[in-house]
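Residue numbers (UniProt numbering): 1 to 578.
The structure appears below as structure tokens.
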Amino acid sequence: MKQLCNNAVLCKGKYRIEKVLGQGGFGITYKAIMKETVSGSLGNMEVDVPVAIKEFFMKDTCEREEGTGKITVPSQESRALVELYRKKFVKEAKNLAQMNHPHIVKVVDGFEENDTVYYVMQYLSGGSLSDYVKLHGALDEAIAIKYIQQIGSALEYMHQKHICHYDVKPSNILLDDKGGAILIDFGISKGYTEEGHQTSSTPVGISAGYAPLEQYQQSLQDFSPATDVYGLAATLYFLVTGKVPAEASIVLNDGIGRKSDGISAKLWRSVERGMCPRKNDRFQNISDFIGSISVGETTIVSKKTFVNEFEAPIASSTTNASAGKGKGKWARTIFMSLLTISMLLSLIKVGYVKVHQHIVINELVDNMVKVKGGTVDGVTFSDFYIGKYEITNEEYDAVMDERPVYRLIFAQMGGVEAYINKHRIKNEAAMGKKHHPKIVSRKQVLEFLERLNEKTGKQYRLPTDLEWEVAAKGGICGHGYKYSGGNDILGVANFYNGKKTNLEDVGQKRPNELGLYDMTGNVDELCDNACIDINDKRWSVRGGCCLDEASESFITSKKPLGTNCLVGFRLALGNSNI
């Protein structure tokens, strides 16, 4: 018996195995049900939550006892090797648990049982990109690029932590229930020191078609994002052609093949360069590869206006009233019954909402970056911390206990029209995606800071003008760029390019020297101008936004609040308050 039986329980009954999702050389992944208890006004309720559980199990070395499910290693000679990879498996779980990225699978638990180790992840129901393409055929170029951008941002995040994935391929990219791409399987990933030296000498496996020559040669002693570039470019090849790429040795002699009809020459050139057999001939980082294929995002914002919300028209309930009295009473009865069911279901959800809010708020402190103090233009300032990203819709909602509001036209029978949320309906597009920066008023910022400080016991605030500028320049030892992160605005900022203007998820562009994202472009950032009155005209914003041209987006630029402002913000903390 190689895998656990269906309905087997783990962790004292907390998890119940439903089925096997997949098996590799070093582990088995199961779909399981997690038992959770949530509290509400009606008392405690037990609910089932689907999760994925990965079990350490070396396919060619380990055995499983019948009846007990325990793992054994029959070969004495293999036990040292199994222990080596077991430690690597545990390290993989710990590394994953510390990662906080929207396109990297989330680890929620870990434990030992059956003489082996397990870790628990979010369950992703959408299947893999490999399965999707096999079922539906090659993807449209724009859709393929969207997925590659998402996984590219995950890899770039890993590379900033000196970790390489080394197994980027379509079967290791799952789709969530919203169609987003999530990177999984860190079983052969490697960590490196800040000097670029590997922290373990464990051999790395091979995925034919997606691994470059240096991986076959085990020449991975030094940190090099270019190896993951190859896997990502090969994945893009598969998505747009529907075919598995040739192995690296064939690419060395014959190239990647001829471009198919319907694939742009620009994209094909990028794939060819990304899959160059010689590592030094490839894109040297993920950002450059993504920049070569990117064609823009999808949430369009007008250069002239930005709509925050609209009033929903509420139709008259007296229309055709005389014709629908009987139907109206029946409709109201159904409405009240379903509303009662809805309220019961909401009690189940409320526990998870609270847990999610707690996680989001706790992660804010993890995304604070230290900036060393010094003296600038005769002004001395102390060490401080500043947010790596602009505050997003998700973070704002978590702190303010808000949730997206949706209109529900519940029934329309005989003139009876039921609306939930009968006063103001927010424009879903204006509310934005959860990882877009939050567009705010000055009053909202002050309320947010007050609420956040109540919840955390810290003293979050806005950065001062001086702190913001020092951070945007990369600290007192920055390189003196015009824009935050470089002199080429295309690589570091989301700005007005003369054609269309898009809000983007935070963290999509290249960071500056301190690892701070979007300090140029995307949204204008509010600073602490020592203005107590929210109507004080001295309030100003920094960094430019996606409505501003390059000439309006220099680090040193400052503008008063006005019609072409999309106001967002990032957090700051004093050195003693982290």
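We put the CB at the ideal spot given by N, CA and C, even for glycine.
None of these values were measured; they are calculated from a predicted model.
Burial check for K243: the Cβ neighbour count within 10 Å stays below 16, so the residue is exposed. Here DSSP, grouped into helix, strand and coil, assigns L252 to helix. For a cut-off of 8 Å, the C-beta gap from G507 to S153 is around 6 Å, short enough to register as a contact.
For T61, there is no enclosing alpha helix (DSSP H), as DSSP marks it with neither H nor E.
Distance from the Cα of A572 is smallest, within the candidate group L449, K473, C565 and E513, for L449. Residue state for A265 is assigned as helix, using DSSP reduced to three classes.
Ranking Y166, D48 and V240 by CA distance to the CA of E141 puts V240 first. Rounded to whole angstroms, the Cβ separation of K388 and L516 is 6 Å, and the two are in contact under 8 Å.
In the three-state DSSP reduction, Y483 falls in the strand class (E or B). With contacts defined by Cβ atoms closer than 8 Å, I361 and V399 form a contacting pair. Short of 6 Å from the beta carbon of C545, and not among the five residues preceding or following it, lie these beta carbons of its own chain, in chain order: V523, D524 and L566. Annotated three-state conformation of K134 is helix, per DSSP.
It is roughly 14 Å from the alpha-carbon of L526 to the alpha-carbon of I555. Taking all protein chains in view, the Cβ of P463 is crowded by 16 or more other Cβ atoms within 10 Å, so the residue is classified as buried. Around Y216, the same chain offers I206, A248 and S249 as residues with beta carbons nearer than 8 Å, after the five sequence neighbours per side are excluded. N253 and N172 have their C-alpha atoms roughly 27 Å apart. Beta-carbon to beta-carbon, R461 and D528 are separated by about 6 Å, close enough to satisfy the 8 Å threshold.
Counting every other CB atom within 10 Å of its CB across the protein chains shown gives H165 a total of 16 or more, marking it as buried.
Leaving aside the five residues that flank G474 on each side, the residues in its chain whose CB is nearer than 7 Å to its CB run, in chain order, N512, E513 and L514. For Y147, no beta strand (DSSP E) encloses it; the enclosing alpha helix (DSSP H) starts and ends at E141 to Q160.
In the DSSP assignment, T380 falls within the unbroken beta strand (DSSP E) covering V379 to F381. Pairwise C-beta distances place the stretch 261–268 out of contact with the stretch 178–196, as fewer than three of them are shorter than 8 Å. When rounded, the separation of the alpha-carbon atoms in K259 and P50 is 42 Å. Proximity to D131 across Y147, Y123 and P170 peaks at P170, based on C-alpha coordinates. Annotation: G378 to K35 spans about 60 Å, alpha carbon to alpha carbon. Counting the other Cβ atoms within 10 Å of the Cβ of N7 gives fewer than 16, which makes it exposed.
In the DSSP assignment, Y85 falls within the unbroken alpha helix (DSSP H) covering R79 to A97.
Taking C-beta atoms as the reference points, D167 and I188 count as a pair closer than 8 Å. For G110 against Y119, the beta-carbon gap comes to about 4 Å, under 8 Å, which counts as contact. For N575, the secondary structure class from DSSP, reduced to helix, strand or coil, is helix. When DSSP reads this structure, Q23 sits in a beta bridge with I28.
Note on C276: 16 or more other CB atoms within 10 angstroms of its CB, so buried under the neighbour-count rule. Taking a contact to require three or more Cβ pairs closer than 8 Å, the stretch 78–88 and the stretch 45–65 qualify as touching. Here the alpha carbons of G543 and G521 stand approximately 6 Å from one another.
Ranked by Cα distance from F384, the options V20, L466 and N494 are led by L466.
Of all alpha-carbon atoms in A472, D288, R16 and I476, the one lying nearest the alpha-carbon of G485 is that of A472.
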